[in-house]
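**Q** Residue numbers (full-length UniProt numbering): 1 to 66.
Please see the structure below; I have some questions.
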């Protein structure tokens, strides 16, 4: 969930995977732990998509959540 003007904004699953593919770190920082296990049609997680797209900084954020 991303906060914008103190109003919660819900991102669609497709938007989350696009953010992962593009390395949008701010979206990952705003995710709840319940959103991290999401899988796309290929069965890949948000983290898998981010890392396979060479966005290793997102992996560092994930390590902090563990």
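Where a beta carbon is used, it is the ideal one built from N, C-alpha and C, also for glycine.
This one's a predicted model, so the numbers in the text were calculated from it and none came from an experiment.
Any idea which residues DSSP pairs residue 39 with across the strands?
**A** 45
**Q** Determine the closest residue to residue 30 out of 39, 16, 42 and 43, with distance taken between C-alpha atoms.
**A** 16
**Q** Pull up the CB-CB distance for residue 38 and residue 45, whole angstroms please, since I reckon it's below 8 angstroms.
**A** About 7 angstroms separates the Cβ atoms of residue 38 and residue 45, confirming a contact at the 8 angstroms cut-off.
**Q** Among 41, 34 and 25, which residue has its Cα nearest to the Cα of residue 14?
**A** The residue with the shortest Cα to Cα distance from residue 14 is 41.
**Q** Rounded to the nearest angstrom, what separates residue 53 and residue 18 at their Cα positions?
**A** 11 angstroms
**Q** So what's residue 26 in DSSP terms, helix, strand or just coil?
**A** helix
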